[in-house]
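Novice:
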Amino acid sequence: AQSVAQPEDQVNVAEGNPLTVKCTYSVSGNPYLFWYVQYPNRGLQFLLKYITGDNLVKGSYGFEAEFNKSQTSFHLKKPSALVSDSALYFCAVRDSYNQGGKLIFGQGTELSVKP
Amino acid sequence: NAGVTQTPKFQVLKTGQSMTLQCAQDMNHNSMYWYRQDPGMGLRLIYYSASEGTTDKGEVPNGYNVSRLNKREFSLRLESAAPSQTSVYFCASEKGMWMNTEAFFGQGTRLTVV
């Protein structure tokens, strides 16, 4: 069965510093990986996805993520954090082995960026 | 653009009461989902509908039923609410699960069962 884990409940970063939010996954086939962001009292918004191709994926708001097959990871990164990046971030995975498989989310990581 | 619309936004139920959460999307999407969000648990999939006319269980289907009324609408029913069903419920849709497109989410329904 597919699964995804976000090992950190919270990440604290100073504004202007680089940030990383970690995600690891487990699937039977090839993974299709996604990052979403949730602002307070809102639904989730899509940030970026990896389906195939380049391991470094660029997305919205200056975020990028690196797919690492050997480490089964898909960490979210940004070179310079903004206070406005403070939100709840979710990693999600779909398993190619299960054609048309469902989208499964991790537990979420609370990102706090301080001025 | 309305996107994904959920009703109601807030609801308080007594234990044992029933209710239906409504979800509609106007993007002509094929696939729709219901998730619940609880602190420390992230989003857990309750039921999903890959396309009109099909529904399947997710990770936590017990105590819930769903109906894919048509391509636009996907409702979630609690037949006999329990305090453990207190949560924030999100509906989502995407063009098609097999297309690996992005999912669009509603704003959520905050449900409290007392």
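Protein sequence lines correspond, in order, to chains A and B. By my numbering, the letter at position 66 of the first sequence is numbered 66, and the numbering carries on one by one without gaps. By my numbering, the letter at position 46 of the second sequence is numbered 1046, and the numbering carries on one by one without gaps. We put the beta carbon where it would ideally sit given N, CA and C, even for glycine. The structure displayed is predicted, hence computed values, not measured ones.
Kindly indicate which residue of Met-1097(B), Leu-1013(B), Met-1041(B), Gln-1107(B) has the alpha-carbon position closest to the one of Gly-106(A).
Specialist: Taking the first sequence and counting its residues from 1, the one referred to as residue 106(A) is at position 106. Selected option, being the one with the closest Cα: Met-1041(B).
Novice: How should Tyr-50(A) be labelled, buried or exposed, when 16 other C-beta atoms within 10 angstroms of its C-beta is the threshold for buried?
Specialist: As a first step, residue 50(A) must be located in the first sequence, where it is residue number 50. Buried: at least 16 other Cβ atoms inside 10 Å.
Novice: Whose Cβ in chain B lies nearer than 8 Å to the Cβ of Phe-90(A)?
Specialist: On the first sequence, residue 90(A) is found 90 positions in, with the first residue counted as 1. What Phe-90(A) touches in chain B: Gly-1042, Leu-1043.
Novice: Given Val-1004(B), which residues of its chain have a CB within under 7 Å of its CB, disregarding the five upstream and five downstream residues?
Specialist: Within the second sequence, the letter at position 4 stands for residue 1004(B). Within the same chain, Val-1004(B) has close Cβ partners Cys-1023, Gln-1025, Cys-1091, Ala-1092, Ser-1093, Phe-1104, Phe-1105, Gly-1106.
Novice: In angstroms, rounded to a whole number, what distance separates the CA positions of Thr-1112(B) and Val-13(A)?
Specialist: Numbered from its first residue, the second sequence carries residue 1112(B) at position 112. Numbered from its first residue, the first sequence carries residue 13(A) at position 13. Cα to Cα, the separation comes out at about 34 Å.
Novice: Residues of the segment 1084–1103 of chain B with a CB closer than 7 Å to any CB of chain A: list them in chain order, please.
Specialist: Of all residues in the segment 1084–1103 of chain B, Phe-1090, Met-1097, Trp-1098, Asn-1100, Glu-1102, Ala-1103 have a Cβ within less than 7 Å of some Cβ in chain A.
Novice: Only counting the same chain, and skipping five residues up and downstream in sequence, which positions put a Cβ closer than 6 Å to that of Leu-88(A)?
Specialist: Taking the first residue of the first sequence as 1, we reach residue 88(A) at position 88. Excluding residues up to 5 positions away in sequence, Gln-38, Gly-108, Glu-110 lie with their Cβ nearer than 6 Å to the Cβ of Leu-88(A) in the same chain.
Novice: Check each residue of the segment 1059–1076 of chain B: if its Cβ is closer than 8 Å to any Cβ of chain A, include it; give the result in chain order.
Specialist: Among the residues of the segment 1059–1076 of chain B, those with a Cβ less than 8 Å away from any Cβ of chain A are Glu-1059, in the order of the chain.
Novice: Counting C-beta neighbours from all protein chains within 10 Å, is the total for Tyr-61(A) 16 or more, i.e. buried, or is it exposed?
Specialist: As a working mapping, residue 61(A) is identified with position 61 in the first sequence. Under the 10 Å beta carbon count, Tyr-61(A) is surrounded by fewer than 16 other beta carbons and is classified as exposed.
Novice: Apply the 10 Å Cβ neighbour rule to Gly-1108(B) and answer buried if 16 or more other Cβ atoms are within range, or exposed otherwise.
Specialist: The residue you call residue 1108(B) lines up with position 108 of the second sequence. The residue is buried, with at least 16 neighbouring Cβ atoms inside 10 Å.
Novice: Between the segment 1064–1072 of chain B and the segment 1009–1019 of chain B, can you find at least three pairs of beta-carbon atoms closer than 8 Å?
Specialist: no
Novice: Have a look at the DSSP bridge pairing and note the partners of Ile-104(A).
Specialist: The residue you call residue 104(A) lines up with position 104 of the first sequence. According to DSSP, which records beta bridges pairwise, Ile-104(A) is partnered with Val-93(A).
Novice: The beta strand (DSSP E) spanning Cys-1023(B) covers which residue range?
Specialist: Here residue 1023(B) refers to the residue found at position 23 of the second sequence. Where Cys-1023(B) is concerned, the enclosing beta strand (DSSP E) stretches over 1019–1025.
Novice: Please list the residues of the segment 56–79 of chain A that have a C-beta atom closer than 9 Å to any C-beta atom in chain B, keeping them in chain order.
Specialist: none
Novice: Against chain A, with Cβ distances strictly below 9 Å, would Val-1012(B) count as a contact?
Specialist: Locating residue 1012(B) in the second sequence gives position 12, counting from the first residue. It does not; no Cβ of chain A falls within 9 Å.
Novice: Going by the beta-carbon positions, is the gap between Val-1114(B) and Arg-1036(B) smaller than 9 Å?
Specialist: Within the second sequence, residue 1114(B) is the residue found at index 114, counting from 1. Within the second sequence, residue 1036(B) is the residue found at index 36, counting from 1. Contact flag unset, no.
Novice: For Val-93(A), count neighbouring Cβ atoms within 10 angstroms of its own Cβ and tell me buried if that reaches 16, exposed if not.
Specialist: Within the first sequence, residue 93(A) is the residue found at index 93, counting from 1. By the 10 Å Cβ count, Val-93(A) comes out buried.
Novice: Mark Met-1032(B) as exposed unless 16 or more other C-beta atoms lie within 10 angstroms of its C-beta, in which case mark it buried.
Specialist: Stepping through the second sequence from its first residue, residue 1032(B) is reached at position 32. The residue is buried, with at least 16 neighbouring Cβ atoms inside 10 Å.
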